[in-house]
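Residue numbers for the sequence shown follow the numbering used here, so the first one is 6 and each next one is one higher. The structure appears right after this line, and notes come after that.
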Amino acid sequence: MILLDRVSKSYSKKSDSTALERISLHIEPKEFVIIVGPSGAGKSTLLKLLTREEKPTTGKIIVGGIDYEHLKDKDVPRLRRRIGVVFQDFKLLPNKTVFENVAFALEIIGISTKEIKHTVPRVLDIVGLKGKEKSMPMELSGGERQRVAIARAIVRQPKILIADEPTGNLDPKHAWDVIRVLEKINRFGTTVLLTTHNQDIVNKLKRRVITIEGGKVTSDHSGGTYRA
Ligand code: ADP
6 MILLDRVSKS YSKKSDSTAL ERISLHIEPK EFVIIVGPSG AGKSTLLKLL
56 TREEKPTTGK IIVGGIDYEH LKDKDVPRLR RRIGVVFQDF KLLPNKTVFE
106 NVAFALEIIG ISTKEIKHTV PRVLDIVGLK GKEKSMPMEL SGGERQRVAI
156 ARAIVRQPKI LIADEPTGNL DPKHAWDVIR VLEKINRFGT TVLLTTHNQD
206 IVNKLKRRVI TIEGGKVTSD HSGGTYRA
């Protein structure tokens with residue numbers, strides 16, 4: 006599903022500024038992977054390479070059979086539809102309702118109103134927000150906002166969901182609500198990549214943990230604990 010072969014990324018030509026250095030990784034379909042590491046380690050860079058926001062300096066990236074080396078710019082939107090992304094700061098549209106925020110992701114790819122009306126409530130149900138369709142983001146708790154963002158990210162049924170510090174702004178109870186939703190989506194068959202600094206979440210989830218430090222993978226083990 007996701008293959009990185011000796012991928013390096015430098016943002017500038019200076020050799021001492023390598024964000025990622027010869028990263029090789031293989032992530033199977035339907036895996037739930039946690040990526041940890043100190044600030045500046047290269048986690049976001051890795052995720053940006055997968056969504057094609059950044060290109061590697063060297064190395065090979067293949068996601069869902071697509072070799073990024075041969076990916077044309079016009080094919081990038083299609084690739085991004087296969088990868089849902091949620092961020093620490095939710096990035097919801099403040100003037101749209103919960104329903105409209107999620108519907109928007111379908112409108113922009115030309116899905117019919119009829120199908121949108123059918124699909125959006127089902128996805129809001131999955132993330133536990135049934136009945137909140139008409140609420141504005143401002144009226145929701147942080148945890149609920151993040152679950153709207155997750156609904157928006159999964160409404161196009163991506164094969165991969167990237168959650169970059171999704172619990173960073175949440176208290177422990179809401180953080181766990183969000184994590185439970187990610188687990189549910191994973192059970193439905195979506196590959197989940199989660200970055201987090203939350204040691205409790207890492208230790209309790211008992212999933213594969215990949216540690217990145219100084220642009221390198223320094224450990225990769227399943228059922229793992231966080232070595233802070
Ligand atoms: P993390 O997500 O683990 O905090 P990042 O991937 O954001 O780490 O950063 C890895 C390294 O790359 C850091 O040294 C950071 O300063 C550098 N970096 C990240 N983005 C850019 C950019 N757009 N331009 C230049 N350097 C960058």
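Using N, Cα and C, we set each Cβ at its ideal position, and we do this for glycine too.
Residue burial annotation: Asp-182 is buried, with at least 16 other C-beta atoms found within 10 angstroms of its C-beta. Counting only residues whose CB is nearer than 5 Å to a non-hydrogen atom of ligand 1, the list in chain order is Tyr-16, Ala-24, Ser-44, Gly-45, Ala-46, Gly-47, Lys-48, Ser-49, Thr-50. Taking 8 Å as the cut-off, the beta carbon of Val-186 is found no closer than this to the beta carbon of Val-107. Checking the DSSP bridge columns, you'll see Arg-27 has no partner listed. About 7 Å separates the beta carbons of Ala-46 and Gly-219, which is inside the 8 Å limit, making them a contact pair.
The Cβ-Cβ distance between Asn-191 and Phe-37 falls below 8 Å. DSSP places Arg-213 inside the beta strand (DSSP E), whose first and last residues are 213-218. In this structure, the CA atom of Pro-177 is about 43 Å from the CA atom of His-75.
Within the region 69-141, complete alpha helix (DSSP H) segments of at least 4 residues are found at 81-86, 103-112, 118-131, given in chain order. Within 10 angstroms of the beta-carbon of Lys-48 lie 16 or more other beta-carbons, which makes it buried. Annotated as distal: Pro-171 and Met-143, with beta-carbon spacing of 8 Å or more. When C-beta atoms of the region 123-130 are compared with those of the region 80-87, fewer than three pairs fall below 8 Å, so the two segments do not count as touching.
Between Lys-139 and Phe-104, the C-beta spacing is below 8 Å.
Per DSSP, Arg-11 is one residue of the beta strand (DSSP E) stretching across 7-15. Gly-64 carries a strand assignment under DSSP once its states are collapsed to helix, strand and coil. Rounded to the nearest angstrom, the gap between the Cα atoms of Val-90 and Gly-136 is 24 Å. Asp-169: member of the beta strand (DSSP E) spanning 165-169, first to last residue.
In this structure Asn-203 touches Ala-180 by the C-beta definition: roughly 7 Å separates them, less than 8 Å.
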